[in-house]
Each structure stands twice: as structure tokens, then as C-alpha cells.
Amino acid sequence: MRLETIAIHAGGRPDRAFGAISVPIYQTSTFAFEDVGKTRGYDYSRTANPTRKVLEDTIAQLEGGKAGFAFATGMAAEATIIHLLEAGDHVISGDDVYGGTYRLFRNVMRNFGLEFTFLRMDNRQTVEQAIRPNTRMLWLETPSNPLLNIVDIEMAVDIAKKHNLMTVMDNTFATPYFLRPIEYEVDLVVHSTTKYLNGHCDVVGGAVVTTSDELTERVQFLLNAMGTCASPFDCWLVLRGIETLPVRMKRHEENAIAVANYLKGHPVVKRVFYPGLASHPGHEIAKRQMRGFGGMVSFELKGGSEAVNGFLRRIKVFSLAESLGGVASLAEHPATMSHASMPKDYRERVGITEELIRLSVGLENIDDLIDDLHQALQPS
Ligand SMILES: Cc1ncc(COP(=O)(O)O)c(C=O)c1O
């Protein structure tokens with residue numbers, strides 16, 4: 608099956624009990640045993656739940672992996688798989704990953720004896736030089752949040768294989784519609800399903816896709832042991848969103864390209880970050896490894912905080928809000944919102960400036976989006 612069909616039919620749909628076309632929400636904590644020691648496949652919803660299973664199988668199939676796991680949030684997914692490691696292990700991560708990922712690693716997991724190096728993964732030498740005898744994992748995010756930097760996945764996986772490292776890819780921004788990291792032999796894919804997979808800003812959720820029986824067993828163990836799973840209703844919302852993922856992503860991208868081109872030519876815009884622009888340093892790699900460039904556009908404004916605050920106060924169709932990937936367009940200020948947990952000097956070093964604005968370009972009519980940006984950039 609192709610992606611558009613998988614999004615609607617994967618996971619054993621229609622439902623086997625009564626043929627329901629919409630996946631039933633098995634809103635139950637526990638399941639009656641058939642006999643002593645004999646279940647009907649499920650015993651307790653933390654361990655597994657039939658609604659969750661449809662979502663897990665769907666995401667696994669979309670990514671081309673072995674098994675999927677659905678979590679309460681993207682951070683729950685990340686927190687769970689970082690526990691595949693042990694105290695004393697070292698992780699190399701991109702330096703402009705999502706602020707919450709950085710916070711989890713630096714402010715939480717470091718206290719449990721994990722070591723982290725954050726760096727720009729734009730060349731082989733930088734990554735190889737950071738490898739230590741205890742390095743176990745490469746954590747990749749491409750396109751990255753919020754700078755839309757591109758990592759060459761082939762290069763990263765090649766380094767990882769040579770040094771026996773596990774590779775994890777946060778595929779939240781690209782989604783399997785534009786990028787399927789497992790085709791490049793990445794070991795684990797992680798998602799905030801809160802974003803494009805759900806697509807309607809009505810749930811928080813996360814997912815992990817594995818590529819081997821061993822990883823499947825270990826992630827299933829951790830999910831159950833840590834209790835980080837998603838609720839049946841939240842799984843249903845993500846499943847409903849995924850059904851339209853392919854049509855949404857296509858339109859997100861069309862609108863994002865138009866927005867990036869509009870911003871690029873605007874006199875008060877200092878810089879535009881969008882991998883679809885030929886001027887983007889990762890454009891050629893993105894073109895090679897992705898089927899499209901996605902719906903996120905970041906840009907820097909001239910005129911400092913005053914200009915940024917003015918723009919964010921004037922937008923009308925775009926809402927000033929955290930998160931991304933929904934049908935409604937959102938704008939946010941990474942330095943004070945999504946990436947506020949990064950220390951200021953670190954943020955500035957990696958290029959997340961006070962002038963940076965991140966747009967999640969939605970599915971509205973593109974003329975209304977451009978008109979909105981136009982009036983917000985040029986107050987009358
Ligand atoms: C790239 C990326 N990964 C992970 C997360 C965390 O996901 P959640 O907010 O669902 O916990 C986010 C949230 O913004 C994100 O943008």
C-alpha cells in the first residue's frame with residue numbers, strides 16, 4: 608500500500624468486531640480474561656490497548672518500521688527511549704533541537720549520569736571528533752526546530768555504523784510524507800504526534816517507531832514500566848488526523864513555499880530559513896533526502912525586539928501560540944517561547960536570536976496568509 612492508503616487503512620481497519628469504519632475508542636483500563644491465564648489479546652491498557660494498537664501499527668507502517676508505540680506526549684516518547692541508555696553513556700545531539708529535548712537532556716537526564724554533546728551536525732569531522740569511548744547514541748532532528756537546519760542522514764548513519772552508535776531521528780517536522788528516515792537505516796524514529804500527525808491542535812501525543820525485534824522488545828518494556836503511553840481517546844484523535852496527513856502536508860508545503868518567497872523579498876526581513884529556498888545551506892541535501900520541504904518557515908526581522916513584538920501583536924490570521932503542524936497558522940517567538948529553556952548565551956551561539964520568528968504555515972487561503980503577513984510587517 609502507498610502512503611495515502613496506509614494513512615486510512617493500516618492497523619487492521621475496518622474494526623474486526625462490528626466493522627466500524629471509524630476506529631472504536633476502547634475506553635477501558637482493563638480487559639476480562641477468557642480463562643485463568645488466558646486473555647483475548649489485551650489485559651491492561653498501560654501495557655496495550657486496541658485503539659492504541661491501530662495507531663501504533665499505522666505509524667509503524669507509515670515510517671516503514673518494525674513496530675510503533677504511542678505515548679502521552681512527544682516528550683514522553685523521548686523520555687522513554689532515552690532510558691534505553693545507562694548512566695555513563697554519552698549522546699551526541701543536534702545543537703538546535705526542540706527546546707524541550709534540550710531541557711530533558713541537559714536538565715534532567717544529566718542528573719542521572721548521561722552525558723551530552725550538542726553540536727551542529729553539518730559535517731562529518733565535527734561529529735566524529737565528538738565521539739568518545741562511551742558514546743552510544745546520535746540524536747538527529749532534520750529539519751531542525753526552529754532553524755530548519757538539515758542533517759545529511761546518510762552521513763550521520765554512516766558515522767553511527769562505523770562507531771556502533773544507535774541513531775534516533777525526530778521526524779516531527781518532516782513527517783513520513785516528506786521523509787522516511789528508516790529508508791536511510793536510522794534505528795529509531797520519534798514523533799511529537801501533537802504536530803502534523805494529529806494536525807488539528809486538539810491533542811498532545813508522541814510516537815516511536817522501531818526497526819528491530821530487540822528494540823521493539825526494549826521499547827515495549829520501557830513504555831509499560833514507565834507508564835508513558837497515550838490514552839485511547841488521544842490515539843483516536845491522532846488516527847483521525849493521520850487520515851488526511853498526505854493532503855494536508857501537500858498544502859502546508861505549497862503555502863510555506865509562497866510564504867518563504869514572500870518574506871525573502873521583503874525589505875524589513877533580514878533572513879529567511881526554509882530548506883526549500885535555493886539559498887538555504889541545506890537545500891541540496893534536503894532535495895536529495897526529502898520528498899518536499901515541509902510547512903515550517905522561520906525568519907529574522909530587522910529592528911530588534913520592538914519590530915518582533917509589533918509583528919506578533921499585529922498578526923490576525925496567524926495566532927501567536929506555541930506548537931505547530933495544525934490546520935491553523937501559528938507564529939511564535941522561539942527565544943521566549945519554544946526555546947526559552949535554553950540559556951540565552953547558548954541560544955545565541957546556535958543562532959536562535961531575539962529577532963527570530965517561527966511560522967507554522969497552515970491551510971488557509973494563501974492570499975489571506977500573505978495579506979496578514981503584509982499588514983503585520985508594514986503597519987499603516
Ligand atoms: C521537534 C519536536 N520534537 C518533540 C517535541 C515535543 O513534543 P510534545 O510537545 O508533544 O511533548 C516538539 C514540541 O514542540 C517538537 O517540536
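According to the numbering used here, the sequence shown is numbered sequentially starting from 608.
Each residue gets a CB set at the ideal place from its N, CA and C atoms; glycine is no exception.
Contact check, residue i vs residue j, beta carbons under 8 angstroms
i	j	result
VAL797	GLU962	no
LEU669	ALA614	yes
THR612	LEU846	no
ARG965	SER905	yes
GLY825	GLY671	Correcting the residue identity first, residue 825 is Arg in this sequence and not Gly. Not closer than 8 angstroms, so no.
VAL775	LEU795	yes
ARG988	GLY806	It is not possible to answer for residue 988, since the shown part of the chain is limited to 608 through 987.
HIS859	GLY901	yes
CYS842	THR658	yes
GLY812	ALA617	no
HIS799	THR779	Checking the displayed sequence, the identity of residue 799 turns out to be Ser instead of His. Closer than 8 angstroms, so yes.
GLY706	MET949	yes
ASP729	VAL957	no
LEU830	PHE625	no
Counted within 10 angstroms of its Cβ, other Cβ atoms place residue i as buried (16 or more) or exposed
i	result
PRO621	exposed
PHE785	buried
ALA832	exposed
GLY701	buried
GLY720	exposed
LYS923	exposed
PHE725	buried
PHE712	buried
PRO740	exposed
ASN936	Residue 936 is actually Ser in this sequence, not Asn. Buried is the call here.
PRO888	exposed
Best match in the options for proximity to residue i [C-alpha to C-alpha]
i	options	result
ASN718	GLY695, ILE699 and GLN736	GLY695
THR823	LYS673, ILE632 and THR658	LYS673
LEU772	THR654, SER905, LEU931 and LEU691	LEU691
LYS802	VAL934, ILE689 and LEU726	VAL934
ILE688	THR817, GLN985, PHE900 and ILE892	THR817
PHE918	ALA865, ASP979, MET949 and ARG878	ASP979
GLU735	LEU852, ALA763 and LEU711	ALA763
GLY848	ASP809, SER819, VAL866 and ASP777	ASP809
TYR881	ALA947, LEU976, LEU754 and ALA655	LEU754
ASN868	THR708, GLY644 and ALA885	ALA885
PHE828	VAL876, ALA627 and ARG653	ARG653
GLN985	SER967, HIS887 and HIS873	HIS873
Three-state secondary structure (DSSP) of residue i
i	result
TYR705	coil
TYR869	helix
GLY969	coil
CYS836	strand
GLY848	helix
ARG710	helix
ARG878	strand
HIS859	helix
HIS981	helix
THR817	strand
HIS807	coil
HIS697	strand
Proximity test, Cβ basis, 8 angstroms: residue i and chain B
i	result
GLN896	No chain B appears in the structure shown, which is made up of a single protein chain.
Inside the stretch 897 to 966 only - alpha helix (DSSP H) runs reaching at least 4 residues
911 to 921 and 951 to 957
Fill in: Whole runs of the alpha helix (DSSP H) within the stretch 722 to 797, excluding any shorter than 4 residues
731 to 737, 760 to 769 and 782 to 785
Legend entry - Ordered list of beta strand (DSSP E) runs contained in the stretch 613 to 683, each at least 3 residues: 674 to 678, all fully within the stretch 613 to 683.
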